[in-house]
Amino acid sequence: DAKTTQPPSMDCAEGRAANLPCNHSTISGNEYVYWYRQIHSQGPQYIIHGLKNNETNEMASLIITEDRKSSTLILPHATLRDTAVYYCIVSPGGTSYGKLTFGQGTILTVHP
Amino acid sequence: EAQVTQNPRYLITVTGKKLTVTCSQNMNHEYMSWYRQDPGLGLRQIYYSMNVEVTDKGDVPEGYKVSRKEKRNFPLILESPSPNQTSLYFCASSFLGSYEQYFGPGTRLTVT
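Protein sequences, first through last, are from chains F and E. Per my numbering, residue 2 is the first one in the first sequence, and the count goes up by one each step. Per my numbering, residue 42 is the first one in the second sequence, and the count goes up by one each step.
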């Protein structure tokens, strides 16, 4: 699997957009980018995934660069409840591939 | 309610005493997986299963066993627990090929 690099921590003001970067410069053509988050010590929660087009759902937007070597998860209006660890994962084919590797993630702190 | 359940949620045990952590899902998912989470190391996959009687190693399988005799259950077995297996354990499930895994609430295991 391609390796991902994320900043260890970021801050964001409540109500502002949170932009979380992820570098995956060794990504292969068949590998997807997807994001999970973990609030405190709860089980991780799926956020979004994409291959090469930008994606948006009710939780977030995912912007993938044209060369696919990096991506940004955008939480458009961060709230205090968005404080969590955010994991960027690269893998071909979701759970069909089987083995999934979570990195260290980014600790996002949303402050009032 | 669709969910992944784990039991027990908390367990303190002694070195060498065999234990089993159960995981059950009610969503008819083919894929199930176990992870452990340790400070500074993130989430690491222990074992996964893509269907009944099909299991495979993740990144850190040493010291663990699993079985998948029924689609809904995926127990994690520690035959001879050691202190380095003290960790927070998560079970997850999904439809095969999906990018969205559903995680259980976690089991905090302490081995003394």
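Glycine included, every Cβ here is placed at the ideal spot set by N, Cα and C.
*Could you confirm whether any beta carbon from chain F is found closer than 8 Å to the beta carbon of E/Q86?*
yes
*Please work out which residues of its chain come closer than 6 Å, Cβ to Cβ, to E/N92, disregarding the five sequence neighbours upstream and downstream, and give them in chain order.*
Result list for E/N92: E71, in chain order.
*Among E/V55, E/N69, E/L52 and E/K58, which has the Cα closest to the Cα of E/E42?*
E/N69
*Nonlocal neighbours in the same chain, by C-beta distance under 8 Å from F/T61, ignoring five residues either side*: For clarity, residue 61 of chain F is Ala in the given sequence; the question names Thr instead. Answer for F/A61: W36, I48, I49, L74, I75, L76 and P77, listed in chain order.
*Anything in chain E within Cβ reach of F/H50, meaning under 7 Å, just list it in chain order.*
Y140
*Where F/L81 sits in the DSSP three-state scheme*: helix
*Quickly, what does DSSP pair F/L101 with across the bridge? List them, please.*
Its beta-bridge partners do not exist; DSSP assigns none.
*Since E/R50 sits in a beta bridge, which residues does DSSP pair it with?*
E/R50 pairs with nothing; no bridge assigned.
_Strictly below 8 Å CB to CB, what residues from chain F border E/N115?_
In the sequence as presented, Asn is not what sits at residue 115 of chain E; that position holds Phe. For E/F115, there are no C-beta contacts with chain F under 8 Å, since the nearest C-beta of that chain is about 13 Å from it.
*Cβ of E/F144 within 8 Å of Cβ of E/F131?*
Yes, the Cβ-Cβ distance between E/F144 and E/F131 is below 8 Å.
*asked:* According to DSSP, is F/Q7 part of a helix, a strand, or is it coil?
replied: Collapsing the DSSP output to three states places F/Q7 in coil.
*Between the Cα of E/P124 and those of E/S135, E/D100 and E/R149, spot the shortest distance and give me the residue it belongs to.*
E/R149
*Please list, in chain order, all residues of the same chain as F/L52 whose beta carbon is under 6 Å from its beta carbon, the five residues on each side excluded.*
Once the five neighbours on either side are set aside, the close Cβ partners of F/L52 are Y33.
_Short-range partners of chain F found in the segment 122-140 of chain E, where Cβ spacing is below 8 Å_ = Within the segment 122-140 of chain E, the qualifying residues are L129, F131, A133, S135, F136, L137, G138, S139 and Y140.
*Of all Cβ atoms in chain A, is any one closer than 8 Å to the Cβ of E/P146?*
No chain A is part of this structure, whose protein chains are labelled F and E.
*E/Y89 touches chain F at which residues, Cβ-Cβ below 9 Å?*
Chain F residues near E/Y89: T96, G99, K100 and L101.
*Locate the beta strand (DSSP E) running through E/T63, then write down its first and last residues.*
L60 to Q66
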